[in-house]
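In the numbering used here, the protein residues as written are 320 to 522.
For every residue, glycine included, the Cβ atom is placed at its ideal position computed from N, Cα and C.
For reference, the structure discussed in these notes is given below.
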Amino acid sequence: MEVQQHMTQKPRRSSKAVQAREAAREKAARFRELEEERLRIAESAILIQDDIDDFDEETERRVAKLREDRSIQLVEKRQKLDALVVEMLDTEIPAQEVGERLGMSTNQVRTAKKSFEQTVAALAEAPVAETAAPDTAPVSISSTGETDATTPLPAAQVDTATVPAPATESYDFPPPDGSAAVPAQDGSPENLQVSTLPPGPTG
320 MEVQQHMTQK PRRSSKAVQA REAAREKAAR FRELEEERLR IAESAILIQD DIDDFDEETE
380 RRVAKLREDR SIQLVEKRQK LDALVVEMLD TEIPAQEVGE RLGMSTNQVR TAKKSFEQTV
440 AALAEAPVAE TAAPDTAPVS ISSTGETDAT TPLPAAQVDT ATVPAPATES YDFPPPDGSA
500 AVPAQDGSPE NLQVSTLPPG PTG
């Protein structure tokens, strides 16, 4: 009897162990499925947060650029309005009437006039770029002695040796009751004779 009871109890324990093992495997599989799902959710959330940060930075950059453009354009438009207000005042009507015609208050008209005057004063005080006049460089001189006006040379590159020195003319005043001695010119018969005749014997 005892042997039979022992044999009947062993299969029962084995079947329970198998069931427990199967249940544990099912729970582990379910845990892995849930873990994969959690990882997928976390990955998507992190990517979206990065996208939000990038979008926010790009939006702030665009907003800053729009504000800068807005400020520049507002200044330009206000300057044009101020000029029109002053132009209306120049027609010799009071500021009150100008305001009524332009849909502005008298204070706004006076403020526009003052702003226009300040703008004009600021432009007048702004340093004007001085355009330095180029130094007048002498013209180049060709080998034939003629000037070439189309190709001026810089002052630093002029060769003084190529510029012929002006001829110095001197006159001998004649004594009383005498004739004036005029110096011989280039190409005169005197010079031609001197240049063509060979030198004579010395002594």
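Determine the direct distance from the alpha carbon of residue j to that of residue i, and round the result to whole angstroms.
i    : j    : result
D370 : T378 : 12 Å
L408 : I391 : 26 Å
S334 : A343 : 14 Å
E341 : I367 : 39 Å
F435 : A383 : 28 Å
E376 : L385 : 14 Å
L442 : R397 : 16 Å
K433 : L421 : 17 Å
P413 : R389 : 32 Å
L358 : A348 : 15 Å
T430 : P446 : 26 Å
D373 : E356 : 26 Å
Q476 : E406 : Bear in mind that the predicted position of Q476 carries a pLDDT of just 46, short of 50, making it too unreliable to give a figure here.
A387 : A361 : One detail in the question is off: residue 387 reads as Glu in this sequence, not Ala. E387 and A361: Cα-Cα distance of roughly 39 Å.
E444 : E416 : 32 Å
Report the option in the options whose CA atom is closest to the CA atom of residue i.
i    : options             : result
Q427 : A445, D401 and V439 : D401
V404 : A348, S424 and L393 : S424
V394 : T438, A339 and E419 : T438
Helix, strand or coil for residue i? Go by DSSP, reduced to three states.
i    : result
G422 : coil
I371 : helix
A402 : helix
I365 : helix
T525 : As displayed, the chain neither begins before 320 nor continues past 522, which places residue 525 out of reach and without an answer.
A445 : coil
V482 : In this predicted model, V482 has a pLDDT of only 47, less than 50, meaning its place in the structure is not dependable enough to derive any value.
S434 : helix
R386 : helix
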